[in-house]
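Worksheet: the structure to be examined is printed underneath.
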Amino acid sequence: MEKIIILSFYYPPCNLTASQRPFYWAENLHQYDYFPIVITRRWDHKIGDFFDIAKATPKEIVIDENQYRKVIYLPYIPSLKDKIITKFGSNRMILLRKMLSFFELFIQNFISFFIPYNNIYKQARQLLSEDKSIKHVLITANPFQLFFFGYLLKKEFPHINWIGDYRDEWTTSPKYEINNSSTILKYLEKKSEKKWLSNASFFTYVNESYIHRIKSFLNIRGETIYNGFVELNQQATKKSNDEILITFSGTLYNHQPIEEFAKGVILFHKKYPTAKIKILYLGADLMVGIKNKILSNYPDTPVVEVTKRIDRVLANEILHQTDLFLMHPIIGMEGVVPTKVFDYMPYQKPIILCPNDHGAIEHTLNDTGLGIIIDQAEEVLQALEKIYLHKQNNTDFPIKINHLAIQKYSRSAQLKLLVELINQE
Numbered sequence: 000m001e002k003i004i005i006l007s008f009y010y011p012p013c014n015l016t017a018s019q020r021p022f023y024w025a026e027n028l029h030q031y032d033y034f035p036i037v038i039t040r041r042w043d044h045k046i047g048d049f050f051d052i053a054k055a056t057p058k059e060i061v062i063d064e065n066q067y068r069k070v071i072y073l074p075y076i077p078s079l080k081d082k083i084i085t086k087f088g089s090n091r092m093i094l095l096r097k098m099l100s101f102f103e104l105f106i107q108n109f110i111s112f113f114i115p116y117n118n119i120y121k122q123a124r125q126l127l128s129e130d131k132s133i134k135h136v137l138i139t140a141n142p143f144q145l146f147f148f149g150y151l152l153k154k155e156f157p158h159i160n161w162i163g164d165y166r167d168e169w170t171t172s173p174k175y176e177i178n179n180s181s182t183i184l185k186y187l188e189k190k191s192e193k194k195w196l197s198n199a200s201f202f203t204y205v206n207e208s209y210i211h212r213i214k215s216f217l218n219i220r221g222e223t224i225y226n227g228f229v230e231l232n233q234q235a236t237k238k239s240n241d242e243i244l245i246t247f248s249g250t251l252y253n254h255q256p257i258e259e260f261a262k263g264v265i266l267f268h269k270k271y272p273t274a275k276i277k278i279l280y281l282g283a284d285l286m287v288g289i290k291n292k293i294l295s296n297y298p299d300t301p302v303v304e305v306t307k308r309i310d311r312v313l314a315n316e317i318l319h320q321t322d323l324f325l326m327h328p329i330i331g332m333e334g335v336v337p338t339k340v341f342d343y344m345p346y347q348k349p350i351i352l353c354p355n356d357h358g359a360i361e362h363t364l365n366d367t368g369l370g371i372i373i374d375q376a377e378e379v380l381q382a383l384e385k386i387y388l389h390k391q392n393n394t395d396f397p398i399k400i401n402h403l404a405i406q407k408y409s410r411s412a413q414l415k416l417l418v419e420l421i422n423q424e
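According to numbering that gives the first Met the number 0, the stretch in the sequence shown is residues 0 to 424, in order.
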């Protein structure tokens, strides 16, 4: 098998969604006669919130290898800013942390040494020095400083082809200008993005609509590789018929509107106070303030539950038990299909989109036949009444599933596309 290096900051046992994309590649590339060597950081504790990412790990290198792939877990030594957060929490020494953060973001545009996970670059460099037969390097970001490593590796080892995989947009995202106040950092990072990708063979991005923005900026070839979904290989356990379970799975962001759906649930609960229904925000209690945002939109409504991140096996069991899935659009990103939409697909259950994004999510749900698309609270009430009626009659909510359309979004189909692109180099 031909060796290929994959660089990724996030990788299982990290329990964040970002780890699943490179994980699927590493576990399945052997089907196409590739032997992946993954270089990542150690993950010795579960991520309950984003501050957990900053925690240091033991200093030993851990290697997990079998006949199909090899994973090299490197120790993570946090920056001074992250050490301060870990020791004192997020509410102390804020000014010092901001100063350190600015310095880190500034200097990382020039010197890789100041990147806390620089050992990922050093390990890749060592592998390429020892084995000249390796000619493919696949780097998935963010963090986007990983692309710096690709640029440096290509300069030192010109025989390699490296691919920059974007899970999110960087400086071309409209939200980048809004969320970043420093003019000098914006200037430097835009310059770095263009420079670092300049010697990449091509880049990939998870979305068809916005890939053109990155292509125009970088002026190199870009291809769409969706996150996709993993086909299920286990049977669902029998679910009790006396409760409607509607699940939103994973991270909820501040710029995702939940108000209309919440109003509709409140209307339903007032009209049918004895109806057994649960609105579950599974694993949404990750970012600061999100749980309060959710609960404040459902005042005096005991049917809502918000949980922290949980084990993937248990989460999968809950998703099997779910009657319907819930999706709230991301404001300003109408061309993006969030990962959780793909995660819902293999269960082949209705997906409520509220409100309508009038964009990529609506198109995808219509394409697959999975969507219940709602805008206003009264429409939510009407939909919940129909769902409740079907539940009372022990029948499924009727949807016309397009199985062929669903299959094209699978990770196996997307991996095949990725391999075809790599083989062209």
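Beta carbons: idealized from backbone N, C-alpha and C, even for Gly.
As assigned by DSSP and simplified to three states, the class of residue i
i	result
ARG308	coil
ILE52	helix
HIS362	helix
ASN160	strand
ARG212	helix
ILE400	coil
TYR175	helix
SER180	coil
LEU145	helix
ILE38	strand
ALA274	coil
LEU15	coil
LYS269	helix
ASN422	helix
HIS254	coil
ILE386	helix
8 Å CB neighbourhood of residue i in its chain, flanking five on each side removed
i	result
TRP24	ILE5, PRO35, LEU137, LEU414 and LEU417
SER100	LYS80
ALA425	Residue numbering for the chain in the displayed model covers 0 to 424; residue 425 lies beyond these limits and cannot be assessed.
GLY331	PRO173, LYS174 and HIS254
GLU26	TYR67 and ARG68
GLU259	CYS353, PRO354, ILE373, ASP374, GLN375, ALA376 and VAL379
PRO272	none
For residue j and residue i, believed in contact at Cβ under 8 Å, the rounded distance
i	j	result
GLY47	LYS339	About 19 Å separates the two Cβ atoms, so there is no contact after all.
ILE60	PRO74	7 Å
ALA376	SER208	About 29 Å separates the two Cβ atoms, so there is no contact after all.
TYR408	TYR225	6 Å
ILE329	VAL302	With a Cβ gap of about 25 Å, ILE329 and VAL302 do not count as contacting.
PHE105	GLY227	With a Cβ gap of about 36 Å, PHE105 and GLY227 do not count as contacting.
SER18	TYR10	5 Å
ILE257	ILE293	7 Å
THR85	ALA123	No, THR85 and ALA123 are not in contact; Cβ-Cβ is about 27 Å, not under 8 Å.
ILE83	ARG96	6 Å
ASP164	THR203	5 Å
Beta-carbon contacts of residue i that lie in its chain and below 6 Å, excluding the five residues immediately before and after
i	result
HIS389	PHE396
GLN347	ILE400
PHE452	Past the boundaries of the shown model lies residue 452; the chain is included only from 0 to 424, so the question cannot be answered.
THR56	ARG41, ASP43, PRO74 and TYR75
TRP161	VAL136, GLY149, LYS153 and ALA199
THR394	none
ILE265	THR300
VAL440	Residue 440 lies beyond the residue range present for the chain, which begins at 0 and ends at 424; the question has no answer from this structure.
GLU424	ASN160 and SER200
LYS262	ALA376
Beta-ladder partner(s) of residue i, from DSSP
i	result
PHE247	TYR280
GLU1	TYR33
GLY370	ILE350
THR139	SER7 and ASP164
GLY221	PHE202
SER191	The partner list for SER191 (beta bridge, DSSP) is empty, contrary to what the question assumes.
SER409	PHE228
Close-in-space but distant-in-sequence residues of the same chain around residue i (CB under 7 Å, 5 per side omitted)
i	result
LEU318	THR246, SER248 and TYR346
(message) As an exercise, report each continuous beta strand (DSSP E) stretch of at least 3 residues that is fully enclosed by the region 287-353, in chain order.
(response) 303-305, 323-326 and 350-352
(request) Quick one: which unbroken beta strand (DSSP E) runs of 3-plus residues sit fully inside the region 54-137? Chain order, please. (result) 61-64 and 69-73
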